[in-house]
Amino acid sequence: MPRLMGCFKYITIAALCSGFITLGLVGDPAAPTKIYWTEYGANKVRSCELANCTPINLAVIPNTAPVGIALDGNGKIYWTEWATSKIRFCEIASCTPTTLTSTGKLPSSIALDGAGKIYWSESNGAKIRFCEIAACTPINLTSTEDYPYNIALDGKGKIYWAQHKEAKIDFCEIANCVITVLTTGEITPAGVALDGQGKIYWTSYGKNLIRFCEIASCTPTTLTQTGLNPTEITLDGAGKVYWAEEGTDKIRFCVIDGCTPTDFFTSTQGAVTTGVVLGN
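Numbering (numbering that gives the first Met the number 0), first residue to last: 0 to 279.
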């Protein structure tokens, strides 16, 4: 960890492009045009155009260590901060960082449900929590085993998450959270993303892999080898997967059908690229 998705045409990225932003196929007006990411080591929240990446700093706040990141589909960006135990947000067009809430220790991943709620994992407190964005009073959804990391919402009432230290992917019904194991034996899973058509993808931080399976009957399959320490992962709805690599300070991508990893952006050494999300 940081050093110290719909119907046939549309896909709902509920893990990182949360808020149920519908991302269309190539040429569709809803297709993502930008990528957003956090740099834990550089204390930055950044973005660039997918077509031609010239990074822009949205927020630079010393001693915050931003990790998880999410968009609401209405011009706001949200992120978690390990060093301050806060969730912050701002308007993308003119970013003045604002604190949404203080959290427990090591708030990691966040996801928005498109109906006014925000969910997050607390890795050090072994909890998944949520609140109403309009008036945020944190509520415990469930206690987990040690070190829950990335979370994803499926838009149908379920939440999925990576149990980093327990080497598994878990899920539950949000309305009545009884934890169910989706798959075990996955070495240090970190990022998770749903494709909206029955598959779940995740990164293996310790094994440097991207894996996936059918949710209905999960037989894990390796999509590709990655660079060192892949963390968060997101899908574009047009057949590509993007991920962040802490150990290389890179964002990379590939076409899912025949995955050959390609460098998208390389930050400065020690930036520790962690969270990643697609949007507009």
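Note that CB positions come from ideal geometry on N, CA and C, so glycine has one too.
Extent of the continuous beta strand (DSSP E) run through residue i
i, result
"Gly-246", "Counting along the chain, Gly-246 falls outside any beta strand (DSSP E), and DSSP gives it neither H nor E."
"Thr-265", "261 to 265"
"Thr-179", "175 to 183"
"Thr-202", "198 to 203"
"Asp-169", "167 to 172"
"Trp-36", "33 to 38"
"Ile-76", "75 to 80"
"Cys-89", "85 to 90"
"Ala-110", "106 to 111"
"Gly-67", "65 to 70"
"Gln-224", "216 to 224"
"Ile-186", "Run containing Ile-186: none; DSSP gives neither H nor E here."
"Ser-142", "138 to 142"
"Thr-100", "93 to 101"
"Tyr-146", "No beta strand (DSSP E) holds Tyr-146; DSSP gives it neither H nor E."
"Asn-123", "Counting along the chain, Asn-123 falls outside any beta strand (DSSP E), and DSSP gives it neither H nor E."
Sub-7 Å separation of residue i and residue j beta-carbons
i, j, result
"Ala-161", "Pro-137", "no"
"Pro-54", "Arg-45", "yes"
"Leu-152", "Ile-168", "no"
"Thr-259", "Ser-266", "no"
"Val-276", "Ile-250", "no"
"Thr-95", "Ser-84", "no"
"Thr-97", "Phe-88", "yes"
"Thr-230", "Gly-184", "no"
"Glu-38", "Ala-243", "no"
"Leu-227", "Phe-211", "no"
"Glu-131", "Lys-155", "no"
"Ile-109", "Tyr-148", "no"
"Thr-141", "Cys-176", "yes"
"Ile-186", "Lys-157", "no"
Anticipated Cβ contact below 8 Å, residue i with residue j, distance rounded
i, j, result
"Trp-81", "Leu-111", "No, Trp-81 and Leu-111 are not in contact; Cβ-Cβ is about 20 Å, not under 8 Å."
"Ala-125", "Asp-145", "5 Å"
"Tyr-200", "Ile-232", "6 Å"
"Ile-86", "Trp-36", "Contact doesn't hold; Cβ gap of about 17 Å is too wide."
"Gly-74", "Ser-107", "Not confirmed; about 24 Å, so no contact."
"Leu-70", "Gly-278", "4 Å"
When the options are compared against residue i, the one with the closest alpha-carbon
i, options, result
"Gly-197", "Gly-184, Glu-185, Tyr-204, Glu-213", "Glu-213"
"Ala-133", "Tyr-148, Ser-120, Ile-178, Ala-114", "Ala-114"
"Asn-62", "Lys-75, Gly-72, Thr-79, Ile-68", "Thr-79"
"Ala-58", "Gln-268, Ala-29, Leu-70, Ser-93", "Ser-93"
"Ala-174", "Lys-164, Leu-193, Phe-129", "Phe-129"
"Cys-52", "Phe-264, Gln-268, Trp-36, Asn-279", "Phe-264"
"Ala-41", "Glu-172, Glu-245, Ile-178", "Glu-245"
"Gly-257", "Ala-50, Gln-224, Cys-47", "Gln-224"
"Ile-150", "Pro-65, Leu-193, Thr-261, Ile-255", "Leu-193"
"Gly-195", "Lys-164, Thr-202, Tyr-159, Ile-178", "Tyr-159"
"Lys-43", "Ala-29, Phe-170, Ile-60", "Ile-60"
"Trp-209", "Ile-178, Ile-255, Cys-171, Glu-90", "In the sequence under discussion, the amino acid at residue 209 is Ile, which differs from the Trp named in the question. Nearest of Ile-178, Ile-255, Cys-171, Glu-90 to Ile-209, Cα basis: Ile-255."
"Pro-65", "Asn-56, Ile-127, Gly-72", "Asn-56"
"Ile-127", "Cys-171, Glu-90, Ala-29", "Cys-171"
"Thr-261", "Glu-48, Tyr-241, Asp-248, Thr-202", "Tyr-241"
"Ser-122", "Cys-135, Lys-164, Glu-90, Ile-91", "Lys-164"
Residue-level contact to chain D via CB, residue i, 7 Å cutoff
i, result
"Thr-218", "Checking the listed chains, one finds no chain D in this structure; it contains a single protein chain."
Note to self: Quick check: the stretch 231 to 245 against the stretch 212 to 220, are at least 3 beta-carbon pairs closer than 8 Å?
What the structure shows: no
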